[in-house]
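Student: Under our numbering, the sequence shown is numbered contiguously, ending at residue 399.
Ideal Cβ positions, reconstructed from N, Cα and C, are used throughout, including at glycine.
This structure is a prediction, so every number in the text was calculated from the model and none was measured.
After the structure tokens below, expect a handful of questions from me.
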Amino acid sequence: MRDRINSVGNTKKITDAMKLVAAAKVRKAQDAVIGARPFSEQLVKVLFAINEKLQGEDVDVPLCEKRAVKTALLIVCTGDRGLCGGFNNFIIRKTEQRCKELRAQGVEVKLITVGKKGGVYFNRRKDQYNLVKRFDMGQAPSTQDAQTISDEIFAEFTSMEVDKVEMVYSRFVSLISAEPTIQTILPLSKEGQVCTVDGVCVDADADEIFKLTTEDGKFKVERSSSETEMSEFEGVMQFEQDPNQILDALMPLYMNSQILRALQESLASELAARMNAMSTASDNAKELKKNLSLVYNRARQAKITSEIIELVAGAAAA
Numbered sequence: 082m083r084d085r086i087n088s089v090g091n092t093k094k095i096t097d098a099m100k101l102v103a104a105a106k107v108r109k110a111q112d113a114v115i116g117a118r119p120f121s122e123q124l125v126k127v128l129f130a131i132n133e134k135l136q137g138e139d140v141d142v143p144l145c146e147k148r149a150v151k152t153a154l155l156i157v158c159t160g161d162r163g164l165c166g167g168f169n170n171f172i173i174r175k176t177e178q179r180c181k182e183l184r185a186q187g188v189e190v191k192l193i194t195v196g197k198k199g200g201v202y203f204n205r206r207k208d209q210y211n212l213v214k215r216f217d218m219g220q221a222p223s224t225q226d227a228q229t230i231s232d233e234i235f236a237e238f239t240s241m242e243v244d245k246v247e248m249v250y251s252r253f254v255s256l257i258s259a260e261p262t263i264q265t266i267l268p269l270s271k272e273g274q275v276c277t278v279d280g281v282c283v284d285a286d287a288d289e290i291f292k293l294t295t296e297d298g299k300f301k302v303e304r305s306s307s308e309t310e311m312s313e314f315e316g317v318m319q320f321e322q323d324p325n326q327i328l329d330a331l332m333p334l335y336m337n338s339q340i341l342r343a344l345q346e347s348l349a350s351e352l353a354a355r356m357n358a359m360s361t362a363s364d365n366a367k368e369l370k371k372n373l374s375l376v377y378n379r380a381r382q383a384k385i386t387s388e389i390i391e392l393v394a395g396a397a398a399a
């Protein structure tokens with residue numbers, strides 16, 4: 082019993098330390114997310130406005146090309162490590178669900194994983210999923226990391242190996258809330274314009290958000306859709322340069338910024354999930370140690386009482 086109490090106490094020390102480490106890192110990750118969002122969101126608005134204005138013009142931009150969807154590429158962002166509650170598991174389950182939805186529409190699916198957990202999971206199921214590339218998440222996603230992933234996406238899309246690219250990642254909301262999200266990256270077009278070869282819409286620009294809540298003490302998933310807003314200055318936009326040159330220059334920046342933002346949000350969500358998981362584990366360890374100590378003390382007290390009774394009985398008999 083003493084060994085078990087000591088073991089629980091040592092476990093609590095470990096979970097407390099991991100909680101403090103995650104809490105220290107999550108603040109930095111949170112600042113990175115908040116700092117990247119304004120630029121990323123405004124760039125998307127500008128590009129959508131330009132692309133919308135040029136819909137009726139004969140402008141050839143490969144990354145904006147709309148074609149029937151035969152193959153889709155999913156970029157799946159998980160973590161490199163565990164001990165973060167259901168963070169990795171929920172992203173993996175949503176990826177599997179999305180694969181089923183696309184296959185039901187006759188669309189083939191390819192996967193690129195970012196994070197060891199997702200890479201290991203889908204690599205073990207190669208008979209079920211077409212995993213084309215694996216990347217590690219790392220402790221601090223950089224522009225170089227985003228560029229590497231962007232180059233892989235660019236090669237797949239421009240070579241017409243895939244017709245649609247989506248990212249599955251966890252959007253950071255707060256230290257106690259995250260929203261696993263499916264976001265369309267390519268092509269850049271309006272909702273309903275990207276369809277399968279049979280004409281079935283495949284959610285072009287509408288982001289599908291899965292939000293974790295609780296109901297009657299159990300997990301519940303709420304689904305919602307968020308469309309990309311158009312820029313306010315769309316109607317008066319004028320070009321001094323060739324619009325094709327503008328899009329060619331901005332599209333790589335768009336891809337890099339969207340991927341980097343998703344990586345940063347995923348990392349912040351993972352750290353927050355780990356901090357909360359370790360906090361819960363510490364509380365449980367504290368409660369377990371308390372209960373074990375109570376049982377131990379009762380057993381010890383009963384043994385002492387029994388020995389005293391034996392001594393008294395022996396003395397009385399003498």
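1) What's the gap between the Cα of MET356 and the Cα of ASN325?
2) Taking the beta carbon of GLU247 as the centre, do at least 16 other beta carbons fall within 10 Å, making it buried, or is it exposed?
3) Roughly how many angstroms separate the alpha carbons of LEU375 and GLY90, rounded to a whole number?
4) Can you look up TYR210 in the DSSP assignment and give me helix, strand or coil?
5) As a quick exercise: from ILE172, ILE193, GLN209, VAL150, pick the residue whose alpha carbon is nearest that of GLN422.
6) For LEU164, which three-state DSSP category applies?
7) Where does LYS147 sit, in a helix, a strand or coil, going by DSSP?
8) Pick helix, strand or coil for GLU237, following the three-state DSSP scheme.
9) Select from ARG179, ASN169, SER350 the residue whose C-alpha is nearest the C-alpha of VAL107.
10) Report all residues from its chain with a CB closer than 6 Å to the CB of GLY200; omit the five preceding and five following residues, and keep chain order.
11) Whose CA, out of ASN132, VAL125, GLU189, lies closest to the CA of THR152?
12) For ILE257, which three-state DSSP category applies?
13) Hey, how far is the Cα of ARG342 from the Cα of SER251?
14) Do ALA358 and CYS158 have their C-beta atoms closer together than 8 Å?
15) Can you give the beta carbon distance from SER231 to ASN337, rounded, assuming they're within the 8 Å contact cut?
16) Start and end of the beta strand (DSSP E) containing VAL190?
17) Can you tell me where the beta strand (DSSP E) with VAL402 in it begins and where it stops?
18) In three-state DSSP terms, what is ALA105?
19) Are VAL249 and LYS175 close, meaning C-beta to C-beta below 8 Å?
Tutor: Taking the structure as given:
1) 46 Å
2) The Cβ neighbour count for GLU247, taken over all protein chains shown within 10 Å, is at least 16; the residue is labelled buried.
3) Take the alpha-carbon of LEU375 and the one of GLY90: they are about 14 Å apart.
4) coil
5) In the structure as shown, the chain starts at 82 and stops at 399, and residue 422 therefore has no counterpart that could be examined.
6) coil
7) In this structure, LYS147 counts as coil in the three-state DSSP scheme.
8) helix
9) SER350
10) Within the same chain, Cβ atoms closer than 6 Å to the Cβ of GLY200 are found at THR194, ARG215, the five residues on either side in sequence being excluded.
11) GLU189
12) coil
13) Cα to Cα, the separation comes out at about 11 Å.
14) no
15) 5 Å
16) 189-195 is the span of the beta strand (DSSP E), which, as asked, contains VAL190.
17) Here the chain covers residues 82 to 399 and nothing more, so residue 402 does not appear.
18) helix
19) yes
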